[in-house]
Amino acid sequence: MAGTQQNSVFIIAYPANLADVEAFVLGNDTSLGRPLPAGGFLVDTSLVTTRILGSTLAAVAYGLTIFLYFTCLGHLSRRPARSEDFKRKWGPYAYITGMIGLSTATFLQSTIYATTSISLVRAEQIHGFVDTLMAYGSPFPILFIIWMAEGLMFYHAVGLYRRIQAVPRYFLFIFLGALFLISLGGGVQLFITAETVAVWASRDEAASFVKLLILGGDERHIKALIASGVFVIATTFSGNLLLCVLIVARLIQHQKYFMNILGPEHVSIYGRIIVMCVESCALTVATIVVGGVLWFAAGHIYAMIALMVLPQTCCISALMLISRVAQGKATDTSLTATEIAGRVVPIDFICQTEGVGEFPGARMEEARWSGK
Numbered sequence: 001m002a003g004t005q006q007n008s009v010f011i012i013a014y015p016a017n018l019a020d021v022e023a024f025v026l027g028n029d030t031s032l033g034r035p036l037p038a039g040g041f042l043v044d045t046s047l048v049t050t051r052i053l054g055s056t057l058a059a060v061a062y063g064l065t066i067f068l069y070f071t072c073l074g075h076l077s078r079r080p081a082r083s084e085d086f087k088r089k090w091g092p093y094a095y096i097t098g099m100i101g102l103s104t105a106t107f108l109q110s111t112i113y114a115t116t117s118i119s120l121v122r123a124e125q126i127h128g129f130v131d132t133l134m135a136y137g138s139p140f141p142i143l144f145i146i147w148m149a150e151g152l153m154f155y156h157a158v159g160l161y162r163r164i165q166a167v168p169r170y171f172l173f174i175f176l177g178a179l180f181l182i183s184l185g186g187g188v189q190l191f192i193t194a195e196t197v198a199v200w201a202s203r204d205e206a207a208s209f210v211k212l213l214i215l216g217g218d219e220r221h222i223k224a225l226i227a228s229g230v231f232v233i234a235t236t237f238s239g240n241l242l243l244c245v246l247i248v249a250r251l252i253q254h255q256k257y258f259m260n261i262l263g264p265e266h267v268s269i270y271g272r273i274i275v276m277c278v279e280s281c282a283l284t285v286a287t288i289v290v291g292g293v294l295w296f297a298a299g300h301i302y303a304m305i306a307l308m309v310l311p312q313t314c315c316i317s318a319l320m321l322i323s324r325v326a327q328g329k330a331t332d333t334s335l336t337a338t339e340i341a342g343r344v345v346p347i348d349f350i351c352q353t354e355g356v357g358e359f360p361g362a363r364m365e366e367a368r369w370s371g372k
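Residue 196 in full-length UniProt numbering sits at position 196 of the sequence shown, with consecutive numbering throughout.
This is the structure:
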């Protein structure tokens, strides 16, 4: 372990032995150099660099989030007037406003925390589970943003598969519900372990911030916290991939179905929706992959960069999806009733379970979020 004295600030370079650092900070050991001066603070240069870079990237992503929010408002306000119920009319407004509120809270919390840590105004003390999460680059609202983004994908998946046969539909919905509950359970477990770490660290106030800054230590509380965080990220990664595959597969089925009925000139929107879903999912998945690469290539600390950006990318993914959907609904690209009826009549046998008159409306309603 290397240590240098610079302007009353002791900078520790990793790797560090926890026992030696605690003894040095508490003034019980001078083998590493002079005792920490009064009013001095313990800092790690790599941690400072990580927080600066993570905060900068998060700020750029937050700017894009603001832009998408106002874009969504513009598209939603231009939707044609229809007899929609309260949920369909105002639900999107409530959703995007909730997302931008959580995104703003995340950005402010990360920026303030990173600024006060980097400025060396205070030592990094832990007073609760929120401080514990922030010490690892994870703002408190991050889980709620992840749940809301996943909830949007769940909503679309359920809407697209609600008219399949009863037994497969029940099994699929049970599986999706279990997946969402696992994600919720992982988040609750993360909060519990973070609070446990905070209680454990508060027993030794002079060295609590040292314990939390040295990531990957041997303490079982730290290991449990990291394991819970990895579980949540892994669940988010797998959940996004699975939901994207389910949605895209169903949209491809719809695309082929309508191509045979309405002609290829009226199903091009499905190709755009498929690309939109893949782009939305890829943004979140790519952020997690980058974090994993940084974890294994550079260590725990540098993986914080991706973790600080993840809330904004999840928000961008959801807002991008809603923006495209609202943009499609603001543009009337549908066929007239006469055109649809003329094309549906020759294929009555396909609609035996739904009825000829119900066919396009039922299928179109099933894919209404696609912009039709």
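Every residue, glycine too, gets a C-beta built ideally from N, C-alpha and C.
Distance between beta carbons of residue j and residue i, contact taken as under 8 Å
i	j	result
valine 197	isoleucine 222	7 Å
glycine 229	leucine 190	6 Å
isoleucine 305	leucine 57	7 Å
valine 245	isoleucine 274	Going by Cβ atoms, the distance from valine 245 to isoleucine 274 rounds to 11 Å, so no, they are not a contact pair.
leucine 251	cysteine 281	The pair is not a contact, with the Cβ atoms about 13 Å apart (cut-off 8 Å).
glycine 63	methionine 308	Contact flag wrong, Cβ pair sits at about 15 Å.
beta-carbon residue i near the ligand ADP non-hydrogen atom, thresh 8 Å
i	result
leucine 133	This structure lacks the ligand ADP; in fact it carries no ligand of any kind.
Under 9 Å between C-beta atoms of residue i and residue j
i	j	result
methionine 259	leucine 321	no
isoleucine 146	leucine 310	yes
alanine 318	alanine 105	no
isoleucine 316	alanine 59	no
alanine 194	threonine 132	yes
phenylalanine 154	leucine 243	yes
threonine 111	tyrosine 302	no
glycine 177	phenylalanine 231	no
glycine 54	alanine 114	yes
proline 141	glutamine 165	no
leucine 152	serine 323	no
glycine 271	glutamine 253	no
serine 103	glutamine 312	yes
isoleucine 100	isoleucine 66	yes
histidine 300	isoleucine 226	yes
Run through the stretch 276-328 for me and flag every whole alpha helix (DSSP H) of 4 or more residues, listed as ranges in chain order.
Counting only runs of 4+ residues, no alpha helix (DSSP H) is found wholly inside the stretch 276-328.
Three Cβ pairs or more, each shorter than 8 Å: is that satisfied between the stretch 286-294 and the stretch 230-243?
Yes: at least three Cβ pairs fall under 8 Å.
Below 8 Å, can you find three or more Cβ-Cβ pairs linking the stretch 161-172 to the stretch 308-328?
no
Per the contact definition of three or more C-beta pairs closer than 8 Å, is the stretch 69-77 in contact with the stretch 89-105?
yes
Any chance you could list the alpha helix (DSSP H) runs of at least 4 consecutive residues sitting entirely within the stretch 136-168, in chain order?
The DSSP assignment places 142-161 as complete runs of the alpha helix (DSSP H) inside the stretch 136-168, in order along the chain (cut-off: 4 residues).
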